[in-house]
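*Asks:* The structure follows.
Chains as they are written, first to last, in the UniProt record's numbering: chain B, 1 to 540; chain F, 1 to 711.
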């Protein structure tokens, strides 16, 4: 398999090292496209391990260990040794591990693991006829290996620091401890300086860095994947038919032009391409199908690649959808299949006027529809709790208080968030950006009262109003209802409020925290006709 | 290229070209694949005119003739008594080269590839770089195209010497006295070493079996059969195809020798006092011999900084022992508790003696009596090896009996050597009971007559290890500390490096191999005496003396050797130094995506406004403000908007996650279930001074402007 464009030097270096005399500990760092790096390393290792004596006199056995899935030492040990000796635990055998001749259990701790490694090495040496068999002959046979070499690749090595902190030092010194020909490769997004154990306990690795992959190389590697995606000969079912390869090249080039600035990960770009490409070629395939139907010929007519003009039209038409695909798929707001379904082109695309462009369906946030369906009082509670979480308690009297003198609401003086205040101290960051603070339930209820009194009085039925002489008395009754409290509990169970105090605490009011974002609250406030921005202490 | 053409057109423009012409006319001509490179060499070596003559005579004769005028100018470069032809030839051609350079310096001003990433070039160095380049891309006059050398072995041999001097001596022409003095010595060494098929064993790497087998015989065959005209470079700068095998073998061997660099200075170190490591090795082997031969109870501490050769010295001492003691290897990194350590001792005893020493689970009584019973099996050490194979049911003693293991060590029938790697960590175990037992045993061993000797050897790099020991442990420890040290002089360091770079390639004395060896040696010398290289290495040496670093530093240049650049260069060393030595924080951040750069700039803004700890919302707020400001007054250049590119909150959030994954942003609070993701508090690992070059390099004007706003 050809190396991924941009990785040639790395592949060359790594395979040279592994087939000659590698350092005992290699550290590969890649910030942006680590999954591609995993694949590249795997390819290199597979090639090296399959090389026969003239090229490589060491029989390489390798194992890739994912530090995420191997979160305990035992899992780690079992993965390493079972894979190295090519043992697969079977359900029928009770999932037993590989066992060396002396039946030593090697998965209990590091000591036994090292013994297991040595036993595995010995086992493989015997298997390949290295060592003991050559003694009698005096000279090694032609085409035999010199030694068995182990390569242990630890992927996402930064996880070791959290999961297996005791393993880092032994792993980095594994060669000297196990005393077999072994190389450990850490692959990580994180620099060695973040993982390095204290006191200089680990030797420094040989660093191999993967520089960011360039746009041309990404495009090249995506294009080179085209042939491997092709599943069938039938062009009607296979959008990756070889006849479409040149169109795909243009498609990928355009896609990379648009999306590459936003993400450099080839896998993400491939994902976006996979979502867009079937829709992109659908008009062409449809046209071809129509031609076939019209012709009614058994032999069918040859599929001709689209003309330059059709290609330009397609690209112009679909251009805006690339960005929307990126915006929906990079944060995984939806998945590629759903997105492709939602953004299929109209059936008669090629007959549309040339200037038309695709309109994209906006992917709405999943929770907004839920929130819209809430009862009116719950919406008020959410707005009130947002205010309680965002405004400082001291400001409440100024924001919601209504004295006889009708003092005007005064908000905080407008201060720019960047820069410093006159006294030189850093300016305060609006609470909206720092996240919600916890509030006492009583305070929220009081704010709720204020909100209701200002915005909800007119909607109530007039009949009951006679009983209440004092202004605000009705609202007082409203906020004292059990319904409000049960609403709060319900909202908490929906995850729209967080209860920060333990439920079994008796003293003091229960504390809550708002869990809806500013945007959502703004939406709610608009529905309730509340001027939210006027009620916020920090100016927007 | 320009230069080459010009010179080719005017072959008579100076005296050198004249001589080129003359020498090229003097030789017979046949092969069109003659390289420009080789013609350059021929120019420098008029002896080509007489290729059939005996090598030494031929070359020396020419040497005397051509360099007679220059000897008067520089008499100090070599003592006249040096018998080695190679060195003399080298010197002479060096002068000739200089002549050429001087002339070419006047004519060639075109190519000036002064690549100097470090910026250490002073004005004095610049002409040198130019000269070197000039020589490499030497013009090929028309006449020289057809030059060929007879195929016969003498011809090869003579070329060998001619090739070799060409590469190395340029420095003596203009460089300082210090360099001039070193070169004759090193060349003498090179010559003394390389011609003999089995030179003295200069490094441990020579012990490798690969060295004893012939190198790539197929290539040799091809050479003798069809190649009439063998030279090192087929194209302008590409190594000849036939020599790729040599290059690969050289790479391989050099990587091997890098893997096994020894920090022990050898060679001309005899006259000085013996090095620290030599005396350490002597002391240690004396101590181990005492245990093995005279059944002494010994304990010592091997103390030295990282990769200063502690383990290597110990292994070499163990290797030379007349008989095989029982080796118990423990490491503080693995055996984190005394119980683990005891178990491990039991396992290793089991493996080396062949059966369980303590009673199995089936019974019973006191360990003492069992020891008496179990002693017998070990009286016959010959059985041991077979026993290990036969004994299929390895069984460990029950854990309750493990503590009795250590006294048993004394009763075994072979001396025991206990090696404690990371000794300081054992001292941190509670009550230091393992150390106490072991060292107590060592003392008892002195008293008892029937013991076979035990040695406890600790290895550590921690200086205050002895102070860590408790009083009762310390009093049992002999207190003997053997120190090792990395090479402590720059010259030692360079010698180590030279040894590592010039492993002996092959055992057979094939002409081609020898030729290659000479050429490679000359190239290594040239590399190691290049003032830029020396400067960089000196810099490295002043920071750290760790031999491992040297090994890492040299590995990349060796790996990057390829046919088009078959020798070590300063450039490749620079690349290596950047990635291996002190890694700059922005090393991998050269090519970030647009949202990532935006987030980084926003974090710089947050930092400069006094909030080093930020949330995603804050960064997004900065970004939104900037975007708003940028789009409020759109700037159009050639009809295109060069303002900030819009970026949705979700995309930024996804990028933010990526930056967290790469630990660019580090979470400062613990994970909490009731703080949502955008309000988690982070701080940035990249300071403004690191972000700035990243943004500058990206070349996006609006981002640069935004960053400069943060003051």
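Glycine residues also receive a C-beta, built at the ideal position from the N, C-alpha and C atoms.
(1) For residue 453 of chain F, which option in F:412, F:680 and F:464 has the closest C-alpha, if you only look at C-alpha atoms?
(2) Give the DSSP-derived three-state secondary structure of residue 246 of chain F in the structure shown.
(3) Closest Cβ-Cβ distance between residue 720 of chain F and chain B: below 8 Å?
(4) Give the interface partners of residue 589 of chain F over in chain B, defined as CB-CB distance under 8 Å, in chain order.
(5) Nearest chain F C-beta to residue 66 of chain B closer than 8 Å, yes or no?
(6) Name, going along the chain, the residues of the stretch 536-560 of chain F whose beta-carbon falls closer than 7 Å to a beta-carbon of chain B.
(7) Just the chain B side, please: which residues come within less than 8 Å of residue 679 of chain F by C-beta, in chain order?
(8) Could you tell me if residue 6 of chain B is buried or exposed, where buried requires 16 or more neighbouring beta carbons within 10 angstroms of its beta carbon?
(9) In chain B, which residues lie less than 9 Å from residue 347 of chain F when you measure between Cβ atoms?
(10) How would you write the range of the beta strand (DSSP E) that residue 57 of chain B sits in, first residue to last?
(11) Note down the Cα distance separating residue 104 of chain B from residue 112 of chain B, rounded to an integer number of angstroms.
(12) Alpha carbon to alpha carbon, how far is residue 471 of chain F from residue 440 of chain F? Give it in angstroms, no decimals.
(13) Going by beta-carbon coordinates alone, are residue 116 of chain B and residue 81 of chain B separated by less than 8 Å?
(14) Check whether chain B comes within 8 Å of residue 325 of chain F, counting only Cβ atoms and requiring the distance to be less than that.
(15) Beta carbon of residue 432 of chain F, beta carbon of residue 463 of chain F: below 8 Å?
(16) Work out the CA separation of residue 259 of chain B and residue 18 of chain B for me, nearest whole Å.
(17) Can you tell me whether residue 228 of chain B is buried or exposed? The criterion is at least 16 other CB atoms within 10 Å of its CB, across all chains shown.
(18) Can you have a look at residue 444 of chain B and say buried or exposed, based on whether 16 or more other CB atoms are within 10 angstroms of its CB?
(19) When the Cα atoms are used, what is the spatial distance from residue 48 of chain B to residue 161 of chain B?
(20) Which chain F residues are close to residue 173 of chain B, counting only those with a beta carbon under 7 Å from its beta carbon?
(21) Can you round the beta-carbon distance between residue 490 of chain B and residue 475 of chain B to whole angstroms, since I take them to be within the 8 Å contact cut?
(22) Can you check whether the C-beta of residue 595 of chain F is within less than 8 Å of a C-beta belonging to chain B?
(23) Within the same chain, show all residues whose beta-carbon is closer than 7 Å to that of residue 147 of chain B, passing over the 5 residues directly before and after it, in chain order.
(24) What does DSSP give as the partner residues of residue 326 of chain F in its beta bridges?
(25) Would you please state the rounded distance, in angstroms, between the beta carbons of residue 458 of chain F and residue 328 of chain F? I believe it to be under 8 Å.
(26) Give the straight-line distance between the Cα atoms of residue 427 of chain F and residue 465 of chain F, rounded to the nearest whole angstrom.
(27) Reducing DSSP to helix, strand and coil, say where residue 479 of chain B ends up.
(28) Enumerate in chain order the residues of its own chain whose CB-to-CB distance from residue 527 of chain B is below 7 Å, with the five nearest sequence positions on each side excluded.
(29) Between which residues of its own chain and residue 281 of chain F is the CB-CB distance below 6 Å, once the five residues before and five after are set aside?
(30) Three-state secondary structure (DSSP) at residue 280 of chain F?
(31) Just to check my reading of the structure: residue 190 of chain B and residue 155 of chain B have Cβ atoms closer than 8 Å, yes? What is that Cβ distance to the nearest angstrom?
(32) In the DSSP output, which residue or residues are listed as bridge partners for residue 379 of chain B?
(33) Give the interface partners of residue 650 of chain F over in chain B, defined as CB-CB distance under 7 Å, in chain order.
(34) Per DSSP, residue 684 of chain F is paired with what?
(35) By the three-class DSSP mapping on this structure, what secondary structure does residue 454 of chain F have?
(36) Under the assumption that residue 350 of chain B contacts residue 339 of chain B (Cβ atoms under 8 Å), give the Cβ distance between them as a whole number of angstroms.
*Replies:* Checking against the coordinates, here is how it stands:
(1) F:412
(2) helix
(3) Shown here, chain F extends from 1 to 711; a query on residue 720 of chain F therefore has no answer.
(4) Within chain B, the residues 31 have their CB atoms less than 8 Å from the CB of residue 589 of chain F, given in chain order.
(5) Output row for residue 66 of chain B: interface = no.
(6) 548, 552, 555 and 559
(7) Residues of chain B passing the Cβ test: 434, 435 and 436.
(8) buried
(9) 104, 111, 112 and 115
(10) Unbroken run through residue 57 of chain B: none, as it is neither H nor E.
(11) 8 Å
(12) 13 Å
(13) Taking 8 Å as the Cβ cut-off, residue 116 of chain B and residue 81 of chain B qualify as a contacting pair.
(14) no
(15) no
(16) 36 Å
(17) exposed
(18) buried
(19) Per the coordinates, the alpha-carbon of residue 48 of chain B lies some 30 Å from the alpha-carbon of residue 161 of chain B.
(20) Neighbours of residue 173 of chain B on chain F, chain order: 333.
(21) About 21 Å; that fails the 8 Å criterion.
(22) yes
(23) 58, 130 and 181
(24) F:416
(25) Going by Cβ atoms, the distance from residue 458 of chain F to residue 328 of chain F rounds to 13 Å, so no, they are not a contact pair.
(26) 8 Å
(27) helix
(28) 379
(29) 313
(30) helix
(31) So it is not a contact: roughly 12 Å between Cβ atoms.
(32) Residue 379 of chain B pairs with nothing; no bridge assigned.
(33) 327, 331 and 333
(34) F:665
(35) Secondary structure of residue 454 of chain F (DSSP, three-state): strand.
(36) In fact, because the Cβ distance is near 23 Å, the residues do not count as touching under 8 Å.
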